[in-house]
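Visitor: Once you've had a glance at the structure underneath, I'll fire off some questions.
Number of protein chains: 2
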Amino acid sequence: MRPDSKPGGKGRPSFIEEARRRQIVDTAIKTIAALGYSATSLAEIAREAGISKGVISYHFEGKDELIEEILSRLLREPAAFIKKRVEAKTSTQDKLAAYVDANFEFAKGHRDYLLALVDLWGRRNPTQAHNRFESEAYEPSRRYLSRILENGCRAGEVAAVPAKAMASVIQASIDGVLLQWAFDPNAVDLDACCSEIRQMIAGHVAPKNDSRAAFGT
Amino acid sequence: MRPDSKPGGKGRPSFIEEARRRQIVDTAIKTIAALGYSATSLAEIAREAGISKGVISYHFEGKDELIEEILSRLLREPAAFIKKRVEAKTSTQDKLAAYVDANFEFAKGHRDYLLALVDLWGRRNPTQAHNRFESEAYEPSRRYLSRILENGCRAGEVAAVPAKAMASVIQASIDGVLLQWAFDPNAVDLDACCSEIRQMIAGHVAPKNDSRAAFGT
DNA sequence: TTGGAATCTGGCCGCATGACCAGAATATGG
DNA sequence: CCATATTCTGGTCATGCGGCCAGATTCCAA
């Protein structure tokens with residue numbers, strides 16, 4: 001029997017509890033990335049992790065909670081990484097460049113995350129209009145980028161562009177390239193694309209009286 | 218019993234055969250878009266279509282073949298639509314703008330396609346390195362855009378940009394925005410994003426000695 | 001050391017699915 | 001109108017899944 005540690009949230013989870021959950025989530029991400037979500041059963045995850053199937057049921061309420069935990073990891077880890085990189089910069093142009101770079105750098109080290117994320121997209125809940133990805137990935141990103149652009153505009157560092165739309169487009173170009181790369185790493189030159197995106201954004205948001213926009217370097 | 222009409226491919230499929238397959242694929246796409254792939258069983262599709270479950274098994278070899286057919290439709294229909302729009306233009310800049318516009322216009326009329334496509338991404342076959350999306354969606358798009366850029370460069374209509382990378386980025390920005398919009402149509406201003414992408418590309422690939430790049434109009 | 005709590009095992013169960021089939025219904029050509 | 005090929009129905013069946021549990025094992029405080 002399992003002690004009812006969840007509902008009240010009284011005592012912090014035990015060492016084993018935390019380690020196991022981490023291990024299971026890790027293994028699940030790798031398995032989904034390797035075999036595809038449709039081929040990833042709880043039994044398969046257990047096999048990959050070298051543990052009994054029941055352990056998963058013991059540490060997670062069910063498959064749904066496991067997926068939730070995986071999604072949390074998949075969305076929050078890169079977000080934290082990127083935020084730290086951006087906040088290290090001061091100028092708007094540097095922040096934007098850092099945002100793009102950080103996205104690509106994280107992805108390079110975590111292709112598994114991308115593949116798992118793509119597979120999990122298909123699990124959106126159709127009943128609720130606003131799904132997990134929208135509310136925890138896209139909207140926060142757009143808000144974050146919008147803020148940077150608006151502040152930069154007020155400071156006169158960037159031109160007056162429609163912030164929300166521009167935020168969508170920036171995030172889109174990054175995600176789109178990473179998606180292509182996830183499907184076939186050999187087909188996409190990640191560094192070249194990253195550089196191209198950085199230049200394109202820099203040129204597009206550059207103040208119109210700034211000659212750097214038209215004449216490179 | 219079903220006559221062995223597939224293997225040889227001798228006689229053309231009957232009228233009923235063709236109509237049923239179209240109907241089933243249509244219904245399946247709508248059902249996947251509405252309920253999500255995980256909730257879309259053959260029984261569910263049959264129910265939505267108002268036919269018996271066995272009809273699907275009769276007209277399709279199995280669920281796999283049905284999915285293949287759906288993917289074909291999902292990938293080829295927009296491609297054909299876009300190609301026609303682009304080929305109506307002559308200048309490189311017009312072709313690029315038409316490419317972007319056509320993508321958005323098609324998507325606006327077929328959000329179902331987008332949602333179904335996203336759900337089907339999770340069904341990639343992990344055994345084969347190059348999956349369906351890579352070989353039938355991304356790579357052809359990149360090739361197509363690269364060609365346009367290279368021709369435009371030779372003609373002196375656009376600057377010398379790394380064509381392959383730029384092609385990835387253009388396709389990426391479009392797909393990325395459409396993805397955000399598919400998840401939540403209210404959160405993304407499609408027209409504004411489309412316009413922003415068009416401008417950004419036009420500015421980025423504009424010949425460097427062309428003053429239009431820096432000064433609008 | 002010892003007893004109870006926490007953790008793990010391996011198997012069982014009900015359920016939903018895709019595949020399949022025998023026979024009914026319908027279309028088609030002579 | 002008839003005979004045959006085609007198409008459809010509704011049900012059965014085997015499979016694999018997630019959830020669950022009884023008992024074995026390990027941990028840890030007293």
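For the protein sequence lines, the chains are U and C, in the order given.
Take the first sequence: its position 185, counting from 1, is numbered 185 in the working numbering, and each next residue is one higher.
Take the second sequence: its position 123, counting from 1, is numbered 340 in the working numbering, and each next residue is one higher.
Where is the CB? At the ideal position from N, CA and C, for every residue including glycine.
(1) Hey, could you find the ends of the alpha helix (DSSP H) N320 of chain C is sitting in?
(2) Let me see if you follow: with CB-CB separation under 7 Å, is R341 of chain C close to chain U or not?
(3) Give me, in chain order, the residues of the same chain whose beta-carbon lies closer than 8 Å to that of Q171 of chain U; leave out the 5 immediate sequence neighbours on both sides.
(4) Between V177 of chain U and chain C, is there a C-beta pair that is closer than 7 Å?
(5) Output the distance between the C-alpha atoms of M417 of chain C and A423 of chain C, rounded to the nearest integer angstrom.
(6) Quick check: what's the CA-CA separation for C370 of chain C versus A236 of chain C?
(7) Between the alpha carbons of L288 of chain C and V378 of chain C, how many angstroms are there, rounded?
(8) In this structure, how does DSSP classify D281 of chain C when only helix, strand and coil are distinguished?
(9) Assuming I391 of chain C and I365 of chain C are in contact, meaning their beta carbons sit under 8 Å apart, how far apart are those beta carbons, in whole angstroms?
(10) In chain order, what residues of the same chain have a beta carbon less than 8 Å from the beta carbon of D427 of chain C, not counting five sequence neighbours either side?
(11) Quick one: what does DSSP say T248 of chain C is sitting in, helix, strand or coil?
(12) Just the C-alpha distance for N175 of chain C and D94 of chain U, rounded to the nearest angstrom, thanks.
(13) If you draw a straight line from the alpha carbon of S274 of chain C to that of F183 of chain U, how long is it in whole angstroms?
(14) Shorter than 6 Å, the distance from the beta carbon of K83 of chain U to the closest heavy atom of the ligand ATP, or not?
(15) Hey, how far is the Cα of E157 of chain U from the Cα of S352 of chain C?
(16) Can you confirm whether T434 of chain C, when its beta carbon is compared against all beta carbons of chain U, has any partner nearer than 7 Å?
(17) Going along chain U in order, which residues have a C-beta closer than 9 Å to the C-beta of D406 of chain C?
(18) Are E150 of chain U and A163 of chain U close, meaning C-beta to C-beta below 7 Å?
(19) CA-CA distance, I67 of chain U and R229 of chain C?
(20) Is it true that the CB of I268 of chain C sits closer than 7 Å to the CB of A333 of chain C?
(21) Comparing the C-beta of D64 of chain U with each C-beta of chain C, is any distance below 7 Å?
(22) Is it buried or exposed, P185 of chain U, if we count other Cβ atoms within 10 angstroms and call 16 or more buried?
(23) Exposed or buried, which one is I16 of chain U when buried takes at least 16 other CB atoms within 10 Å?
(24) Among the residues of its own chain, which have a CB less than 8 Å from the CB of E261 of chain C, if the five just before and after it don't count?
(25) Can you confirm whether A192 of chain U, when its beta carbon is compared against all beta carbons of chain C, has any partner nearer than 7 Å?
(26) Within a Cβ cutoff of 6 Å, which residues of the same chain sit near F106 of chain U, ignoring the five residues on either side of it in sequence?
(27) Contact check, A49 of chain U vs I24 of chain U under 8 Å by CB: the rounded distance?
(28) Could you give the DSSP three-state label for S211 of chain U: helix, strand or coil?
(29) Is the CB of D119 of chain U under 7 Å away from at least one CB in chain C?
(30) How would you list, in chain order, the residues of chain C whose beta-carbon sits under 7 Å from the beta-carbon of G203 of chain U?
(31) Pick helix, strand or coil for D191 of chain U, following the three-state DSSP scheme.
(32) By how many angstroms is the C-alpha of R47 of chain U removed from the C-alpha of D406 of chain C?
(33) Can you list, in chain order, the residues of its chain whose CB lies under 7 Å from that of S308 of chain C, leaving out five sequence neighbours each side?
(34) Tell me whether the beta-carbon of V177 of chain U lies closer than 7 Å to the beta-carbon of W338 of chain C.
(35) Less than 7 Å between CB atoms is the rule here; does Y37 of chain U satisfy it with respect to chain C?
(36) Taking only the alpha-carbon atoms, compute the straight-line gap between F133 of chain U and G420 of chain C and give it to the nearest angstrom.
Guide: Let's see:
(1) For N320 of chain C, the enclosing alpha helix (DSSP H) has its first and last residue at 309 to 326.
(2) yes
(3) Y138, S141, R142, L145
(4) yes
(5) 10 Å
(6) 46 Å
(7) 33 Å
(8) helix
(9) Not a contact, Cβ separation roughly 14 Å.
(10) Annotation note: pLDDT 49 at D427 of chain C (below 50); position unreliable, coordinate value reported separately. Here the set comprises nothing.
(11) helix
(12) Given a span of 218 to 434 for chain C in the structure shown, any question on residue 175 of chain C remains unanswerable.
(13) Straight-line Cα distance between these residues: approximately 31 Å.
(14) As for the ligand ATP, it is missing from this structure, which has no ligand bound.
(15) 42 Å
(16) With a pLDDT of 40 at T434 of chain C, under the threshold of 50, the modelled position of this residue cannot be trusted; read the value that follows with caution. Answer no: the Cβ-Cβ gap between T434 of chain C and chain U never drops below 7 Å.
(17) P162, K164, A165, S168
(18) Yes, they are a contact pair.
(19) 46 Å
(20) no
(21) no
(22) exposed
(23) exposed
(24) T248, L252
(25) yes
(26) The residues are P78, F81.
(27) 6 Å
(28) Reliability of the predicted coordinates at S211 of chain U is poor, the pLDDT of 47 falling under 50, and the value obtained from them is presented with this limitation in mind. Helix at S211 of chain U.
(29) yes
(30) Within chain C, G420, H421 have C-beta atoms less than 7 Å from the C-beta of G203 of chain U, given in sequence order.
(31) helix
(32) 46 Å
(33) E374
(34) Remark: C-beta atoms of V177 of chain U and W338 of chain C do not approach each other more closely than 7 Å.
(35) yes
(36) 31 Å
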